[in-house]
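Single-structure report; data block below.
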Amino acid sequence: MASNTIKIRIQLNGDVATIKALINHPMENGLRKDQKTGELVPAHFIEEVVCSLNGTTILTALWSGSVSKNPYLAFNVQGAKIGDSVTLTWKDNTGDSDSFTTKVAS
Amino acid sequence: MTTANRRNFLRNTLATTLVGIATGSGLLNPREVLAATWPADLFDAKDVHTALSGNEGSASNEVSLKTPDIAENGAVVPVTVESTLTNVESISLLVKDNPRPLSAVFILGPGVQPNISTRLKMSKTSNVIAVVKVGDKRLSTAKEVKVTIGGCGG
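The listed protein sequences derive, respectively, from chains W and L. Its first residue numbered 118, the first sequence is counted upward by one per residue in the working numbering. Its first residue numbered 8, the second sequence is counted upward by one per residue in the working numbering.
So, in structure tokens, the structure goes:
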């Protein structure tokens, strides 16, 4: 299992939290050729990212291979406060997955 | 059994197993997982019309896209979708001239504002399309991004 692939930064502005996440992942779409061998690099990309706030799913992202390598995701959620836990989980097309939980600081 | 059926069958079987494990370990709420099955047929579609299940929505200025006008590197094109609409259910991002246009679908839960940023790959100069779903309506906006170096390698 992959680990330490997720970085999350949360900024709280009033009760609106800006959640920014970076995930380490090759995001191969299966259409690219290996420059040395000339063979297609097999598809390997994140299909689903789920972000939850205190256990409630707030955002589900369904992705294809045309999201950039080492994907970046940013969004705002209203109703967050200091101490809330934010969990981000991803799952890719090979069945690999990772999850990371952090707390809203300030 | 056709190939498509077989693929769906395998996918569903696998999904059920995974959900079973996840639910058993208290990791996920089953309803939430089922609400978001990865729509392989839409992501594999070769044109925008099919990728949006035939409903391209109507153009609206309540949806806005922030992208660079010229992307030097098509592999990393920052894209931000914003909308002034409320009760947005989902946002889809498409790159019209990519081999598979549908790039990402975001399903918004409670409290999430319709303002999402991510980075996409673009194979060549193309329109980037954002489609916002509100209730049973679909509203869209498109913006051209010129790409100097394609992002799909080869």
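Where a beta carbon is used, it is the ideal one built from N, C-alpha and C, also for glycine.
DSSP lists no bridge partner for W:I199. The secondary-structure analysis by DSSP pairs W:H161 across a beta bridge with W:E145. Counting the other CB atoms within 10 Å of its CB gives W:T206 a total of 16 or more, which places it among the buried residues. In the displayed model, W:D209 falls within a strand according to three-state DSSP. At least 7 Å separates the beta-carbon of W:T177 from that of L:I136. Under the three-state reduction of DSSP output, L:V83 falls in the coil class, being neither helix nor strand. For L:V138, the uninterrupted beta strand (DSSP E) segment begins and ends at 133–141. Within the stretch 108–135 of chain L, the residues whose Cβ lies closer than 7 Å to some Cβ of chain W are L109, S110, A111, V112, F113, I114, L115, G116, P117, G118, V119, Q120, N122, I123, S124, T125, R126, L127, K128, listed in chain order. Close CB contacts of L:N94 within its chain, under the 8 Å cut and outside five residues either way in sequence, are with V141, G142 (chain order). Of L:E89, L:V70, L:D104, L:T91, the smallest CA-CA separation from L:V154 is found for L:D104. At the C-beta level, W:W180 and L:A58 stay beyond 7 Å of one another. Looking only at W:T204, W:I123, W:V133, the smallest Cα-Cα distance to W:N171 is reached by W:T204. When Cβ-Cβ separations below 7 Å define contact, L:V83 makes contact with chain W.
With a cutoff of 7 Å on beta-carbon distance, L:L72 and L:K131 are scored as not near each other. Here the C-alpha atom of L:G116 lies approximately 44 Å from the C-alpha atom of W:T154.
About 7 Å separates the CB atoms of W:L157 and W:G147; that is less than 8 Å, so the two are in contact. In this structure, W:T122 sits near W:D215, with a CB-CB distance shorter than 7 Å. Look at the stretch 72–104 of chain L: the residues with a C-beta under 7 Å from a C-beta of chain W are A82, V83, V102. For L:L92, no beta strand (DSSP E) run applies, since DSSP gives it neither H nor E.
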